[in-house]
Each structure stands twice: as structure tokens, then as C-alpha cells.
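K.L.:
In terms of full-length UniProt numbering, the sequence shown opens at residue 1 and continues consecutively. Please find one structure pasted underneath; my questions will follow.
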Amino acid sequence: MSEQAVFDVFVIGGGINGCGIARDAVGRGYSVALAEMNDFASGTSSGSTKLIHGGLRYLEHYEFRLVREALMEREVLWAMAPHVIWPMRFVLPYHKGGLRPAWLIRLGLFLYDHIGGRKLLPPTSTLDMTRNPAGEPLKRLFTKAFEYSDGWVDDARLVVLNARDAADRGARIMARTRVVSARRQNGLWAIEAEDTATGIREVLSARVLVNATGPWVDRVLAEALGKKDVHNVRLVQGSHIVIRKKFDDPRAYFFQNPDGRIMFAIPYQEDFTLIGTTDRDYAGNPADVHISDAEIDYLCKAASEYFSDPVTKDEIVWSYSAVRPLYDDGASMAQEATRDYVLRLERKNGEAPLLNVFGGKLTTYRRLAESALENIGEAIGTKGARWTAGSRLPGGDFPATAYEAEVEKLKMRYPFLAASHARRLVRLYGTLAARLLGPARSEADLGRRFGADLYAVEVDWLIGQEWARRAEDVLWRRTKLGLKLSPAETADLEDYVRGAVDAAA
Ligand SMILES: Cc1cc2nc3c(=O)[nH]c(=O)nc-3n(C[C@H](O)[C@H](O)[C@H](O)COP(=O)(O)OP(=O)(O)OC[C@H]3O[C@@H](n4cnc5c(N)ncnc54)[C@H](O)[C@@H]3O)c2cc1C
């Protein structure tokens with residue numbers, strides 16, 4: 001074990017909240033370290049529905065503060081990262097005698113259009129589903145619909161771009177590093193962190209500790225900090241299924257289920273449809289969460305209430321599950337627990353301060369980080385002003401509406417790229433796609449091909465720039481090419497990644 005210099009801020013957790021806080025803090029001039037025990041976004045932050053949304057449903061629970069803040073963030077985040085975030089239109093079908101009266105939905109959407117600082121996103125409209133192509137895949141029962149705007153995000157990439165930017169600004173960002181214990185010592189934190197690959201432990205010092213471990217927040221308080229009787233978050237599982245493309249329309253659907261819950265069917269990764277999600281209390285280790293048969297049945301059944309061609313189990317090509325770390329506000333039903341975030345600063349008699357993060361959405365992560373920085377300023381002295389609104393995440397330095405133009409630029413520079421490949425690279429890496437491809441002049445210059453359009457040049461970039469250490473990191477978080485590679489291709493990639501990582505060590 002070795003002793004290190006003192007960091008101003010030490011963040012535990014490399015999900016969206018931890019990475020967002022680390023980025024904001026280092027940009028204000030604090031010295032920052034962050035430890036993530038697995039891969040970035042391997043917890044809840046890659047298992048979401050991937051919406052940058054106000055949360056129409058939360059209006060029913062009078063969460064006006066949250067909805068307004070989230071609505072306002074839609075265009076701020078889109079401008080920050082127009083490669084991994086983009087607008088999407090949602091079609092909300094309804095029929096007479098449905099769950100919610102049309103006037104209520106109209107009122108919700110009126111608020112949605114008017115309280116959220118909308119500038120570029122188009123407003124709500126009403127559709128005649130007997131004529132509109134959006135009606136085609138649905139049962140004839142749905143003759144009318146509302147169409148409204150929200151945003152889409154590649155959640156796992158949003159996390160890693162925050163981590164990358166924090167590192168570029170000087171933060172020490174550690175993947176696969178588990179915080180084993182943290183104790184207060186002479187007005188500072190002594191944090192023991194273990195490299196999960198080598199088992200080597202290191203003790204780091206910090207002035208303030210941020211516990212941004214999402215669904216692990218209470219476990220970390222109990223296990224690493226030795227607290228008793230901790231119960232701040234309610235763990236609520238949510239699962240999604242991915243099926244082969246159910247419809248061609250680029251719009252997503254918002255379905256209301258007979259149990260009062262809502263669900264989305266979203267065009268996904270060009271060839272697929274994403275359907276989710278569920279809401280049920282969860283008691284186990286968040287790392288072990290997986291979709292249950294009952295959830296699969298529920299999702300298939302609920303989607304089949306709408307699609308004229310029913311959704312069946314055998315159509316499922318992939319599924320994923322994650323745990324929401326909802327602040328425990330005592331709500332009786334999982335779907336009613338607040339989606340708002342709560343920050344608690346613990347600072348007693350000159351002892352080193354601890355900031356706990358409870359709850360939070362991807363959509364509000366930047367605002368959550370700003371609030372965290374206010375707490376950090378209060379705890380150890382303010383540095384720097386708010387700066388992240390108007391900033392760009394790596395590769396996001398092009399106008400919000402210019403994705404197509406970026407694709408054209410990339411195709412001009414690398415004419416040998418297939419159109420779909422160029423589109424995928426700009427979606428993932430934005431303006432950095434050209435740095436990734438470097439001097440390549442033909443497909444052969446991209447190196448070994450692992451399957452689909454994944455070549456060594458991209459894998460090497462992900463290892464060198466984005467902390468990828470396993471095939472899984474590449475296939476399911478940095479990209480979604482796991483949907484396209486065969487088991488043999490995946491095994492090949494695993495060998496390559498391990499070899500490259502060992503060679504670099
Ligand atoms: C089903 C579902 C759908 C959702 N849909 C949306 C949506 O559409 N839009 C939206 O805005 N939000 C959505 N959310 C909410 C959003 O995904 C989460 O609120 C957010 O990802 C939580 O991020 P986090 O950083 O707090 O937690 P996490 O992403 O879980 O990050 C915590 C990290 O801490 C690490 N960690 C834990 N213990 C330690 C330790 N001892 N040492 C080091 N690291 C540790 C974990 O490995 C983990 O990576 C959804 C959530 C779910 C579950």
C-alpha cells in the first residue's frame with residue numbers, strides 16, 4: 001500500500017452521477033479522483049430506457065419541479081452531445097374509454113410544451129391514426145394519438161464521455177477499482193481502493209467524499225463506512241426486451257397499460273425495437289439483477305394490447321435489467337416512488353464531509369452535479385462557477401442539428417466507408433470519428449475485422465481512450481454491436497482485447 005497526495009474531491013461510483021460530478025468538479029479547479037469498481041456505466045446507467053425526457057407520467061404525481069428541470073435539460077444536453085443525444089417524437093395512442101381521458105393527456109402535453117424552455121424541439125400535435133403511418137402497426141382500435149417531443153440518449157456513452165472529459169481535464173479516473181473502506185482521519189478521508197484485476201490496494205486521501213454509487217449507496221454506507229441501519233433508497237427493478245424491428249416508423253410509441261403503468265416501444269439500433277419497462281421492488285445485490293419470466297410475459301402482453309401483430313417471447317433477441325435507486329419517500333407502490341434526487345451532506349464537528357447522492361435520472365445528471373458542487377463548495381470552500389451548460393462533451397463539438405452534415409464530412413474524408421458504418425461512427429464518436437480512423441485510406445487500414453463493421457482500429461481506440469478491458473465493454477456499453485456479433489466472433493474479440501490490454505500493462 002502507498003500513501004498519495006490529498007485530492008479535494010473523491011467520488012465513489014462511475015455511473016452517470018459520479019462521472020457528471022467528477023467532470024463538473026475538475027472543471028471548476030478542484031483536484032478530483034473517481035473510482036468505479038467495474039466498467040463505467042456497468043450499473044444502472046446502461047440499463048435505462050435511454051430517454052432524455054421531462055417524464056410525462058411524473059406530472060400525475062405532481063412532480064412539477066423535477067419535470068420542469070428535466071424538460072429544460074433536454075435541449076441543454078442535446079447541444080452538449082449531439083452525437084449521443086438526439087430528439088425523438090413519441091406517439092401516444094388513445095381510444096374512448098381508455099385509462100386516462102384525452103383532456104388530461106392534452107393538459108399534460110400543454111404543460112410539457114410550455115414549461116420546459118423548448119426552442120428547437122417541435123411541439124405536440126394530434127394524429128388521425130386511420131391515416132397517419134404511425135397507425136399502421138397498431139390495432140384499429142386506436143384512431144387518435146398525440147405526438148410529442150422528447151430526447152433519446154446512448155446512456156452508456158454519455159457516462160464514458162463524462163469520464164473521458166473529466167480525465168482530459170486532469171481528474172484521476174480509475175475503472176475496475178473498488179472502494180473497500182473509507183474512514184475519517186485528521187480532518188480528511190482515508191480511502192482504501194482495490195484494483196479488482198490485481199488485488200493491489202492503495203490508500204488515497206481526500207477532503208470530501210462523494211458517495212454516488214446509485215443502487216449500492218446504502219451498501220457502501222454500511223460496508224465501506226461502517227454505518228448501521230441505513231435505508232435511504234428503495235431499489236426498483238426495471239427490465240427491457242429487444243426484438244427485431246416491429247415497425248418502420250422512426251417515431252417511438254408511448255403505451256398505457258391496463259395496470260396504470262406506461263411503457264415505450266422505441267426504434268433501436270436501426271434493426272430493432274426496444275420495449276420497456278417494468279417496475280418492481282428489488283431486494284438482492286444490484287449486480288445480480290436479471291429479467292424474470294414474469295417480466296417477459298408482462299412486456300409481451302402489454303405491447304400486444306397495442307400492436308396488431310402480437311409480440312411473442314421467441315422474437316426477443318436481447319434483454320437487460322437494472323435497478324433504480326429511488327430516494328425512499330415511503331410511497332406504497334414502486335411506480336409511485338419519487339424520481340427526484342436528494343443530496344445529503346454529512347458534516348459534523350470539523351470532521352471530513354461526506355456527500356451522499358440518492359436517486360436522480362440520466363436527464364437531470366448535469367443539474368444534480370451542479371447541486372453537488374454547491375454542497376462541495378459549502379463543505380470545503382467554493383472554486384469556479386457553473387460551467388457545464390454550454391460546454392461540449394468529447395466529440396460533441398458540432399451544431400445540434402448537424403448530425404447528417406457530420407456524416408457527410410466523414411464520408412468525404414473516408415470514401416471507402418459504408419454509409420451505415422459512417423453513420424454509426426458519427427453517432428458514437430462525433431467529431432472524434434476522424435481521429436479514431438486516423439490516416440486510413442482503405443478498409444484494409446482499419447485492421448482486423450471482428451464482425452459486423454467492428455475493426456481493430458475502433459477496438460484499439462476504445463481500449464486506449466475509453467477504458468475498455470473486456471469484449472463485453474466494447475459490445476454492450478461503448479457500442480451495441482453485441483446485437484450483431486456471433487458467439488465465435490465475440491470469443492475472438494475477447495482474446496484480442498485481453499491480449500491488447502496485457503500488452504499495454
Ligand atoms: C429501468 C430503468 C429505466 C430508466 N430510464 C431512464 C430514462 O429513460 N431516462 C432517465 O433520465 N433516467 C432513466 N433511468 C434512471 C437512470 O438510469 C438512473 O437514475 C441513473 O443511471 C443512476 O445513475 P447512478 O450514477 O446514480 O448509478 P449507477 O449507474 O448504478 O452507478 C453507480 C456505480 O457505482 C459503482 N460502485 C458501487 N459500489 C462501489 C464501490 N464500493 N467502489 C467503486 N464503485 C462502486 C457501481 O459499479 C456503479 O457503476 C432509468 C433507470 C432504470 C433502472
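We put the beta carbon where it would ideally sit given N, CA and C, even for glycine.
How far does the beta strand (DSSP E) with proline 122 in it extend, from its first residue to its last?
P.N.:
Here the question's residue 122 lines up with position 122 in the sequence shown. Looking at the DSSP string, proline 122 is not in any beta strand (DSSP E), and its letter there is neither H nor E.
K.L.:
Name the DSSP beta bridge partners of arginine 201, please?
P.N.:
As a first step, residue 201 is located in the sequence shown; it is residue number 201 there, counting from the start. Paired residues: Glu194.
K.L.:
Nearer than 6 Å: is that true of the beta carbon of glutamate 36 relative to any heavy atom of ligand 1?
P.N.:
The sequence position of residue 36 within the sequence shown is 36, counting from 1. Result yes, Cβ under 6 Å from ligand 1.
K.L.:
Helix, strand or coil for arginine 140? Go by DSSP, reduced to three states.
P.N.:
To locate residue 140, count along the sequence shown from 1; it is residue 140. Correct three-state label for arginine 140: coil.
K.L.:
Quick check: what's the CA-CA separation for serine 319 versus aspartate 248?
P.N.:
Walking along the sequence shown from the start, residue 319 turns up at place 319. Walking along the sequence shown from the start, residue 248 turns up at place 248. Serine 319 and aspartate 248: Cα-Cα distance of roughly 21 Å.
K.L.:
Does ligand 1 have even one heavy atom less than 6 Å from the beta-carbon of lysine 361?
P.N.:
As a first step, residue 361 is located in the sequence shown; it is residue number 361 there, counting from the start. Checking every heavy atom of ligand 1 against the Cβ of lysine 361, one is found closer than 6 Å.
K.L.:
Would you mind reading off the limits of the beta strand (DSSP E) that contains arginine 244?
P.N.:
Translated into the one-based positions of the sequence shown, residue 244 becomes position 244. Note, arginine 244: beta strand (DSSP E), 233-244.
K.L.:
By DSSP's criteria, valine 67 is part of a beta bridge. Which residues make up the other side?
P.N.:
In the sequence shown, counting from the first residue as 1, residue 67 sits at position 67. BP columns for valine 67 are empty, so no partner.
K.L.:
Taking C-alpha atoms, which residue in Arg469, Leu481, Leu493 lies nearest to alanine 197?
P.N.:
Looking up residue 197 in the sequence shown gives position 197. Nearest option by C-alpha distance: Arg469.
K.L.:
How many Å lie between histidine 95 and cysteine 300 at the Cα?
P.N.:
Sequence index remark: in the sequence shown, residue 95 carries index 95 (1-based). Sequence index remark: in the sequence shown, residue 300 carries index 300 (1-based). So the two alpha carbons sit approximately 21 Å from each other.
K.L.:
Can you tell me the Cβ-Cβ gap for phenylalanine 40 and alanine 206, rounded? I've got them flagged as a contact below 8 Å.
P.N.:
Taking the first residue of the sequence shown as 1, we reach residue 40 at position 40. Taking the first residue of the sequence shown as 1, we reach residue 206 at position 206. The pair is not a contact, with the Cβ atoms about 20 Å apart (cut-off 8 Å).
K.L.:
In or out: aspartate 502 buried (at least 16 other Cβ within 10 Å) or exposed?
P.N.:
Along the sequence shown, read from residue 1 onward, the residue named residue 502 stands at position 502. Flag for aspartate 502 reads exposed.
K.L.:
Which stretch, first to last residue, makes up the beta strand (DSSP E) that contains leucine 326?
P.N.:
Position 326 of the sequence shown holds residue 326. First-last of the beta strand (DSSP E) with leucine 326: 316-327.
K.L.:
If we require 3 or more residues per run, which beta strand (DSSP E) segments fall completely within the segment 447-488?
P.N.:
Correct list: 449-451.
K.L.:
So what does DSSP say about glutamate 3, is it helix, strand or coil?
P.N.:
Taking the first residue of the sequence shown as position 1, residue 3 is located at position 3. At glutamate 3, the pLDDT of 49 sits below 50, so the modelled position is not reliable; the number obtained from the coordinates is stated separately. In the structure shown, glutamate 3 sits in a strand (DSSP, three-state: E or B).
K.L.:
For isoleucine 266, which of helix, strand or coil comes out of DSSP?
P.N.:
For the purposes of this step, residue 266 is taken as the residue at position 266 of the sequence shown. Strand at isoleucine 266.
K.L.:
Serine 42 by DSSP, collapsed to three states: which one?
P.N.:
Walking along the sequence shown from the start, residue 42 turns up at place 42. Of the three classes helix, strand and coil, the one that applies to serine 42 here is coil, per DSSP.
K.L.:
Is it buried or exposed for leucine 410, if we count other Cβ within 10 angstroms and need 16 for buried?
P.N.:
Here residue 410 is taken as the residue at index 410 of the sequence shown, counted from 1. Leucine 410 is buried by the Cβ-count criterion.
K.L.:
With a threshold of 6 Å on Cβ separation, who are the neighbours of isoleucine 266 within its own chain once the five nearest residues in sequence on each side are excluded?
P.N.:
Position 266 of the sequence shown holds residue 266. Excluding positions up to five away in sequence, the list reads Ala252, Leu274.
K.L.:
Taking 8 Å as the cut-off, does the segment 393-400 touch the segment 231-248 (at least 3 CB pairs, one atom from each stretch)?
P.N.:
The segment 231-248 is not in contact with the segment 393-400.
K.L.:
Counting Cβ pairs, one atom from each stretch, are 3 or more of them under 8 Å apart for the segment 75-92 and the segment 132-149?
P.N.:
Contact between the segment 75-92 and the segment 132-149 is present, because at least three Cβ pairs lie under 8 Å.
K.L.:
Suppose the cutoff is 8 Å on Cβ atoms and the five residues either side in sequence are ignored; what does the same chain contact list for isoleucine 105 look like?
P.N.:
Indexing the sequence shown from 1 puts residue 105 at position 105. Cβ neighbours of isoleucine 105 beyond the five flanking positions: Leu92, Tyr94, Phe146.
K.L.:
Could you tell me the distance, in whole angstroms, from the CA atom of serine 2 to the CA atom of alanine 182?
P.N.:
Taking the sequence shown and counting its residues from 1, the one referred to as residue 2 is at position 2. Taking the sequence shown and counting its residues from 1, the one referred to as residue 182 is at position 182. Confidence is the limiting factor: at serine 2 the pLDDT is only 47, short of 50, which leaves the residue's position unreliable, though a coordinate-based value still follows. Spanning the two alpha carbons is a distance of roughly 15 Å.
K.L.:
Would DSSP call tryptophan 387 helix, strand or coil?
P.N.:
Position 387 of the sequence shown, counted from the first residue, corresponds to residue 387. Coil, per DSSP.
K.L.:
Kindly indicate which three-state DSSP category methionine 88 falls into: helix, strand or coil?
P.N.:
Locating residue 88 in the sequence shown gives position 88, counting from the first residue. DSSP places methionine 88 in strand when its eight states are reduced to three.
K.L.:
With DSSP collapsed to three states, give me the class of threonine 431.
P.N.:
Translated into the one-based positions of the sequence shown, residue 431 becomes position 431. Correct three-state label for threonine 431: helix.
K.L.:
Taking only three categories from DSSP, how would you classify leucine 208?
P.N.:
On the sequence shown, residue 208 is found 208 positions in, with the first residue counted as 1. According to the sequence provided, residue 208 is valine. The question's leucine does not apply to it. Residue state, collapsed to three classes: strand.
K.L.:
If you check the beta carbons only, do histidine 290 and serine 321 fall under 7 Å apart?
P.N.:
In the sequence shown, residue 290 corresponds to position 290, counting from 1. In the sequence shown, residue 321 corresponds to position 321, counting from 1. In contact: histidine 290 and serine 321 (Cβ atoms closer than 7 Å).
K.L.:
Would the beta-carbon of alanine 163 be found less than 6 Å away from any heavy atom of ligand 1?
P.N.:
By 1-based counting over the sequence shown, the position of residue 163 is 163. Alanine 163: no, Cβ never under 6 Å from ligand 1.
K.L.:
Would alanine 505 be called buried (16 or more neighbouring beta carbons within 10 Å of its own) or exposed?
P.N.:
In the sequence shown, the residue the question calls residue 505 occupies position 505. Label assigned to alanine 505: exposed.
K.L.:
Comparing the CB of arginine 324 with every heavy atom of ligand 1, is any distance shorter than 6 Å?
P.N.:
Here residue 324 refers to the residue found at position 324 of the sequence shown. Yes.
K.L.:
Measuring only from the beta carbon, is arginine 65 closer than 6 Å to any heavy atom that is part of ligand 1?
P.N.:
In the sequence shown, residue 65 corresponds to position 65, counting from 1. Not so, every heavy atom of ligand 1 lies at least 6 Å from the Cβ.
K.L.:
What I want to know is whether the C-beta of glycine 29 ends up closer than 6 Å to one or more non-hydrogen atoms of ligand 1.
P.N.:
One-based indexing of the sequence shown puts residue 29 at position 29. It does not: the Cβ of glycine 29 is nowhere closer than 6 Å to a heavy atom of ligand 1.
K.L.:
Quick check on this structure: which residue in Thr490, Pro439, Gly13, Ser442 has the alpha carbon closest to the alpha carbon of glycine 451?
P.N.:
Here residue 451 refers to the residue found at position 451 of the sequence shown. Of the candidates Thr490, Pro439, Gly13, Ser442, the one whose C-alpha sits nearest the C-alpha of glycine 451 is Thr490.
K.L.:
Give me the Cα-Cα distance between glutamate 466 and valine 159, rounded to the nearest whole angstrom.
P.N.:
What you label residue 466 is simply residue 466 of the sequence shown in a count that begins at 1. What you label residue 159 is simply residue 159 of the sequence shown in a count that begins at 1. Rounded to the nearest angstrom, the two C-alpha atoms are 10 Å apart.
K.L.:
Spatial neighbours of leucine 99 within its chain, please: C-beta separation below 6 Å, excluding the five flanking residues on both sides.
P.N.:
Numbered from its first residue, the sequence shown carries residue 99 at position 99. Closer than 6 Å at Cβ, skipping near neighbours: Gln256.
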